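Comments concern the structure below.
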Amino acid sequence: MKHKGRNVIWSVGMDKCLIEALAVQAKNGNKVDKCFNDKAYTAACVAVNTRFNLNLTSQKAINRLKTIKKRYRVMRDILSRDGFWWNSSTKMIDCESDELWRRYIAVNPDAKAFRGKQIEMYEELRTVCGDYQTPGSSEEHSDTDGTESYAGASEYMHEESQDLPPPRDPLRRPSKRSRNSDPCQEAMLVVASSIRRLADAVVQSKTLINTEELLKAVMEIDELEEAKQMYAFEYLNGDPVKARAFMAYNNRMRKMFLFRQFWWWK
C-alpha cells in the first residue's frame with residue numbers, strides 16, 4: 001500500500017480483504033437496496049486496518065467501493081452480451097470468437113482489462129456490487145451509502161440496477177392462469193406452497209447459529225485482540241458451516257482454526 005499525498009493507493013490484497021469483509025457484512029444483513037450501512041463500513045475498515053496495519057476511515061472504503069463498482073459494471077456489461085459467458089473453472093470470461101472480443105473492445109475499451117484475465121472472488125463481487133440482500137431486507141429502507149452516485153461512463157448507467165447474469169440456462173415464463181381455473185387445483189397449489197415454505201424454514205433452522213454463544217466462544221480465545229475478535233465473529237456469523245465447525249472444537253482447536261482461516265494474523 002502506497003500513499004500519494006492524502007490519497008491511498010490500494011493493493012490487490014487490500015481490495016480482496018475489503019470485498020471479502022463487505023460480502024460477510026451483506027450476508028449479515030448490513031446491505032439494503034444495494035447500500036451498505038455504517039456498521040458494514042466500520043467492520044470492513046477494521047478488517048483492512050487489522051490485516052495491513054493501517055488507519056483508514058470509512059470514507060476511504062466508500063471511495064474504493066466506487067472504483068470497484070465501476071469495474072464490476074464493465075464486467076457485468078460484457079457478460080450481458082450474446083457470445084460471452086462466465087467460465088467457473090478458469091475464472092475467466094469466455095467468448096465464442098476472438099473476432100467478437102476485438103469488435104467489443106473496439107467499442108468498449110475498458111473491457112480490454114478483462115480479456116484473458118482471471119477474475120478472483122467473482123461470487124463475492126456479485127454479493128458486494130450486485131443486488132444481493134438477505135431475505136426480508138427489501139422491506140426496510142436505507143439512505144444511500146454514497147457509492148451509487150459514481151459517474152462512470154454513460155454506457156454503464158442504464159443498467160445500474162442489474163446484477164451479473166446467471167449461467168445461461170433457459171428460463172420459462174410462468175404460464176398465465178386460466179380464467180376458468182379449477183378451485184380445487186388452486187387450493188392444492190396453496191397447500192403445496194405452504195408445505196414448501198415450512199420445509200424451507202426447517203432447513204434454515206438447522207443452519208442457524210446462536211450468535212451469543214458464538215461471540216462468547218470467540219472472546220474466550222487467548223491473545224486475540226478486540227478488533228480481531230470482531231472480525232472473526234462477523235466472518236463466522238456469515239458462514240454457518242464454518243461456525244458450526246468452530247463451535248465443535250475445544251478452545252485450543254478454535255484458536256488453531258481461526259489462525260488457519262486468517263493466516264495473516266500470525
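Residue numbers (the UniProt record's numbering): 1 to 266. Note that beta-carbon positions come from the ideal geometry of N, C-alpha and C, so glycine has one too. Since we're looking at a predicted model, the values are computed, not measured.
Taking ASN7 as the reference, give the member of VAL128, ASN63, MET230, CYS129 with the closest Cα. ASN63
Is DSSP giving ASN49 helix, strand or coil here? helix
What residues match up with ASP131 in a beta bridge as DSSP calls it? ASP131 pairs with nothing; no bridge assigned.
What residues match up with LYS27 in a beta bridge as DSSP calls it? BP columns for LYS27 are empty, so no partner.
What's the call for ASP82, buried or exposed, on a 16-neighbour Cβ count within 10 Å? exposed
State the start and end residues of the unbroken alpha helix (DSSP H) segment that holds TRP101. 98-107
Mind checking who ASN251 pairs with in its DSSP beta bridge? According to DSSP, ASN251 bridges with nothing at all.
Grab the span of the beta strand (DSSP E) containing ASN7 for me, first residue to last. 7-9
Let me know the secondary structure DSSP gives ASP222 once reduced to three states. coil
Note down, in chain order, each residue of its chain lying with its Cβ closer than 6 Å to the Cβ of TYR132, except the 5 sequence neighbours on either side. ALA26
I need the straight-line Cα distance from TRP101 to ALA47, nearest angstrom please. 37 Å
Output the distance between the C-alpha atoms of LYS228 and TYR235, rounded to the nearest integer angstrom. 10 Å
Please classify SER89 as buried or exposed, where buried requires at least 16 neighbouring CB atoms within 10 angstroms. exposed
Pairs of beta-carbons, one from the region 42-57 and one from the region 14-25, closer than 8 Å: are there three or more? yes
What does a CB cutoff of less than 6 Å around VAL218 pick up in its chain, not counting 5 residues either side in sequence? GLN229, ALA232, PHE233
Indicate the three-state DSSP secondary structure (helix, strand or coil) for GLU140 in the structure shown. Confidence at GLU140 is low in this model, with a pLDDT of 42, below 50, so the placement of that residue should be treated as unreliable; the coordinate-derived value is given next. If DSSP states are grouped into helix, strand and coil, GLU140 belongs with coil.
Looking at the strands, I want to know which residues DSSP matches up with ASN87. MET92
Considering only the alpha carbon of each residue, which of ARG254, LEU65, ASP77 lies closest to GLU223? ARG254
Tell me whether ALA43 is buried or exposed, calling it buried when 16 or more other Cβ atoms sit within 10 Å of its Cβ. buried
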